[in-house]
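Q: Per the numbering used here, the sequence shown starts with residue 35, numbered consecutively.
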Amino acid sequence: MLKGQLALTAVRPTPPMVGTPPPPTGGNLAAGRPTSASSQGGGFPASNAVDSNASSYWESGGGSFPHWWQVDLGASHQVNKLVVRLPAGWGARTQTITVQGSVDGGSFSTIAPAAGFAFDPATGNAVTRTLPTTTARHIRLSIAGNTGWPAAQLAQVEVYAGSTTPDNPPTAPGGLTVTGRTATSVSLAWTASTDDTGVTGYQVRQGGAVVATVTGTTATVSGLSASTSYTFTVTARDAAGNTSAASNTVTVTTDAPANADLARGRPTTESSHVQSYASGNVVDGDPNSYWESANSAFPQWVQVDLGATRTVGRVVLKLPPSSAWGSRTQTIAVQGSTDGGSFGTLVAAAGRTFDPATGNQVLLTFSAAQARYVRITVTGNTGWPAGQLSTLEVYAS
Numbered sequence: 035m036l037k038g039q040l041a042l043t044a045v046r047p048t049p050p051m052v053g054t055p056p057p058p059t060g061g062n063l064a065a066g067r068p069t070s071a072s073s074q075g076g077g078f079p080a081s082n083a084v085d086s087n088a089s090s091y092w093e094s095g096g097g098s099f100p101h102w103w104q105v106d107l108g109a110s111h112q113v114n115k116l117v118v119r120l121p122a123g124w125g126a127r128t129q130t131i132t133v134q135g136s137v138d139g140g141s142f143s144t145i146a147p148a149a150g151f152a153f154d155p156a157t158g159n160a161v162t163r164t165l166p167t168t169t170a171r172h173i174r175l176s177i178a179g180n181t182g183w184p185a186a187q188l189a190q191v192e193v194y195a196g197s198t199t200p201d202n203p204p205t206a207p208g209g210l211t212v213t214g215r216t217a218t219s220v221s222l223a224w225t226a227s228t229d230d231t232g233v234t235g236y237q238v239r240q241g242g243a244v245v246a247t248v249t250g251t252t253a254t255v256s257g258l259s260a261s262t263s264y265t266f267t268v269t270a271r272d273a274a275g276n277t278s279a280a281s282n283t284v285t286v287t288t289d290a291p292a293n294a295d296l297a298r299g300r301p302t303t304e305s306s307h308v309q310s311y312a313s314g315n316v317v318d319g320d321p322n323s324y325w326e327s328a329n330s331a332f333p334q335w336v337q338v339d340l341g342a343t344r345t346v347g348r349v350v351l352k353l354p355p356s357s358a359w360g361s362r363t364q365t366i367a368v369q370g371s372t373d374g375g376s377f378g379t380l381v382a383a384a385g386r387t388f389d390p391a392t393g394n395q396v397l398l399t400f401s402a403a404q405a406r407y408v409r410i411t412v413t414g415n416t417g418w419p420a421g422q423l424s425t426l427e428v429y430a431s
């Protein structure tokens, strides 16, 4: 005898569909959709409850209740009716079922509390329930008992909605821009998304991870590291839990800490160098390594890329502190550029004396300016016929 208590001819289940069908927009929204369950008994998979065969069914594994079965409708709908069936020839039984819904498949809320679903072969073993209209993409039936068999059983689950139009995701936010930054934060702004049911908020993402959630079109991300590059996008969410495509991407480098050397470890270039005395030596933090240009070929220059346009107002130039480096005067100018192509003068050319008695260093201050590239141009040197620098430090003030 079958679990339905009548002798029935075994029915071969309908072969599974190849691929996932698109979400339906009307009628039974659950038909052919992807399913899952807490367990499966024998050859009775969860998908049997959404196929076209009313005699095939899902049955949970044995053991203690509750068990659950759920279907993914493919999009959020305004769900308002549920029809649950068992095979028509099975004997009467009552299953205790709670109806739950979710927009994301992770967080479920109760649509209809636990109640007895009485299946009676005299009325086709079908139970119809009107539900409070609820936005949901995933419908779960949690079954806490069955008077006819010690397992959960579903032959057909049909889900209907008051509207035949699925709830579409919002449009992607546009025009994402950086509106401010500090050493530890970045401020962003964007244009609003549109949605058929209304946008409820935005998620700011850094490399895919959500780092801020806001209801407006601006946000400030805090807790960042100084002098570090970050990439951001923004997505919108609606009342149904749908998420939009990502906005355009912006990349921004946070400011350096207050009074920090903006040039330390940054990329450098030069007009020329000799032997191993390349431009990278001026930002490596070693006071004894140095840049030296080609001999007897003035003017010569060395420059540093600060990584982003920043406020600059002071440079410190050094030669190695060793007493072997005798006093000398180099004719030096300081220039700045925001694009690396067009340079303006920050400090005019003049003789700068490096004296080992005072640390072999020169301090130059100037009116605050915006620059990404800072260039030191040398047109003369009384101590050696080349440009020479051990250290190039750049500060905001």
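Each residue gets a CB set at the ideal place from its N, CA and C atoms; glycine is no exception. All of these numbers come straight from a predicted model, not from anything done at the bench.
Output yes or no for whether 9 Å exceeds the beta carbon distance between Thr425 and Val317.
A: Their beta carbons are under 9 Å apart, which means Thr425 touches Val317 by this criterion.
Q: From Phe377 to Gly421, what distance separates their C-alpha atoms?
A: Each residue's Cα considered, the two are about 19 Å apart.
Q: Just how far apart, CA to CA, sit Val284 and Ala206?
A: Those two C-alpha atoms are separated by around 15 Å.
Q: Throw me the rounded Cβ distance for the Tyr264 and Gln337 pair, which I believe falls under 8 Å.
A: Going by Cβ atoms, the distance from Tyr264 to Gln337 rounds to 25 Å, so no, they are not a contact pair.
Q: Would you decide whether Thr169 is buried or exposed? Buried here means 16 or more other CB atoms lie within 10 Å of its CB.
A: When all chains shown are included, Thr169 counts as buried.
Q: If you drop the 5 nearest sequence neighbours on each side, which residues of the same chain put their C-beta closer than 8 Å to that of Arg344?
A: Once the five neighbours on either side are set aside, the close Cβ partners of Arg344 are Asp289, Ala290, Leu296, Gln404, Ala405, Arg406 and Ala430.
Q: Ignore the nearest five residues each way along the sequence and tell me which others in Asn180's own chain have a CB closer than 7 Å to its CB.
A: Taken in chain order, the residues that qualify are Arg127, Gln129, Ala186 and Gln187.
Q: According to DSSP, is Ser357 part of a helix, a strand, or is it coil?
A: In this structure, Ser357 counts as coil in the three-state DSSP scheme.
Q: Run through DSSP, which three-state label would Pro203 get?
A: Here Pro203 sits in coil by DSSP.
Q: Leaving out the 5 sequence neighbours to the left and right, which residues in its chain are closer than 7 Å to Phe78 when beta-carbon positions are compared?
A: Same-chain partners within the cutoff: Tyr91, Trp92 and Glu93.
Q: When you compare only the Cα positions, how much space is there between Ser261 and Gly374?
A: Near 20 Å, if we compare the C-alpha coordinates of Gly374 and Ser261.
Q: Where Thr211 and Val268 are concerned, what is the direct C-alpha to C-alpha distance, given to the nearest angstrom?
A: Rounded to the nearest angstrom, the two C-alpha atoms are 11 Å apart.
Q: Alpha carbon to alpha carbon, how far is Ala253 from Ala402?
A: Rounded to whole angstroms, Ala253 to Ala402 spans 29 Å at the Cα level.
Q: At 3 residues or longer, what runs of the beta strand (DSSP E) sit wholly inside the stretch 343-407?
A: The stretch 343-407 contains these whole beta strand (DSSP E) runs: 362-371 and 378-388.
Q: Enumerate in chain order the residues of its own chain whose CB-to-CB distance from Pro184 is below 7 Å, with the five nearest sequence positions on each side excluded.
A: If we look at Pro184 and ignore the five residues flanking it on each side, its Cβ neighbours are Gly96.
Q: Where does Val137 fall in DSSP's three states?
A: Val137 falls in the coil class under three-state DSSP.
Q: What are the start and end residues of the beta strand (DSSP E) that includes Ser86?
A: First-last for Ser86: undefined, no H or E at that position.
Q: In this structure, what does DSSP give as the bridge partners for Asn180?
A: BP columns for Asn180 point to Gln129.
Q: Alpha carbon to alpha carbon, how far is Gln309 from Val286?
A: Those two C-alpha atoms are separated by around 36 Å.
Q: Just curious, the beta strand (DSSP E) that His111 is in, first and last residue?
A: Unbroken beta strand (DSSP E) run through His111: His101 to Arg119.
Q: So Leu380 and Val396 are supposed to be a Cβ contact under 8 Å. How far apart are they, rounded?
A: Leu380 to Val396, Cβ: 14 Å. No contact.
Q: Assuming Leu353 and Tyr324 are in contact, meaning their beta carbons sit under 8 Å apart, how far apart are those beta carbons, in whole angstroms?
A: Their Cβ separation, rounded to whole angstroms, is 7 Å, which keeps Leu353 and Tyr324 in contact under 8 Å.
Q: Report the option in Arg271, Ala292, Gly241 and Trp418 whose CA atom is closest to the CA atom of Asn202.
A: Cα-wise, what sits closest to Asn202 is Arg271.
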